[in-house]
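K.L.:
Numbering (the working numbering), first residue to last: 423 to 584.
Glycine residues also receive a C-beta, built at the ideal position from the N, C-alpha and C atoms.
#1: With the cut-off set at 8 Å, would you say residue 537 and residue 510 are in Cβ contact?
#2: Indicate the three-state DSSP secondary structure (helix, strand or coil) for residue 496 in the structure shown.
#3: List the DSSP bridge partners of residue 562.
#4: Among the residues of its own chain, which have a CB less than 6 Å from the CB of residue 428, if the five just before and after it don't count?
#5: Identify, in the order they occur along the chain, each residue of the same chain with its Cβ nearer than 8 Å to the Cβ of residue 522, setting aside the five sequence neighbours on each side.
#6: By Cβ distance, which residues of its chain are closer than 8 Å to residue 494, with the 5 residues on each side in sequence left out?
#7: Using three-state DSSP, classify residue 514 as helix, strand or coil.
#8: To the nearest angstrom, how far is it from the Cα of residue 492 to the Cα of residue 555?
#9: Taking DSSP as the reference, what is the three-state secondary structure of residue 503?
#10: With DSSP collapsed to three states, give me the class of residue 456.
#11: For the beta strand (DSSP E) containing residue 480, name the first residue and the last one.
#12: Who does residue 535 pair with in a DSSP beta bridge?
#13: Does the region 498-509 come close enough to the region 476-485 that 3 or more CB-CB pairs lie under 8 Å?
#14: Which whole-angstrom value describes the C-beta separation of residue 464 and residue 533, a residue pair presumed to lie in contact below a C-beta threshold of 8 Å?
#15: Thinking C-beta only, is residue 543 closer than 8 Å to residue 564?
#16: With the cut-off set at 8 Å, would you say residue 457 and residue 545 are in Cβ contact?
#17: Which residue's Cα is closest to the Cα of residue 561: 496, 469 and 484?
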């Protein structure tokens with residue numbers, strides 16, 4: 423009885439947000455996040471105040487391939503990362519490469535290449551096709567893990583060996 427009274431107040435166009443006509447909730451969307459590691463290859467912002475990190479993993483041939491970018495770093499995380507960033511030497515694997523600002527966008531990120539010797543632990547959505555489709559959440563620097571311990575490109579959300 424209470425349900426009918428509620429439904430009759432919804433009008434002809436359906437129910438409240440998240441409920442379909444007839445009181446049936448839509449299919450539940452579940453997002454699962456895993457932690458994993460990736461190599462920091464570039465950053466937006468400045469070396470003293472990085473904003474986003476562009477992350478990569480080595481493929482089977484040893485080339486550093488971009489796999490995703492983080493959401494904006496929190497102040498304390500940016501400070502910690504800035505203490506360890508070093509500008510890239512000539513011959514960085516991403517020289518001349520542009521990165522889309524968002525998935526499918528023609529806008530490009532203004533990045534500064536960094537020496538790819540730092541490993542970041544990130545929290546990532548399970549949607550991965552070699553690269554993560556959604557922005558990553560920076561968790562911490564893994565100073566105890568070398569770049570050789572980071573899972574290879576295409577190995578999904580596997581954890582580092584170190």
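P.N.:
The relevant details are as follows:
#1: yes
#2: coil
#3: 543
#4: At residue 428, the pLDDT of 47 sits below 50, so the modelled position is not reliable; the number obtained from the coordinates is stated separately. Hits under 6 Å: none found.
#5: 528, 529, 530 and 531
#6: 473 and 474
#7: coil
#8: 11 Å
#9: helix
#10: strand
#11: 472-480
#12: 464
#13: no
#14: 4 Å
#15: yes
#16: yes
#17: 496
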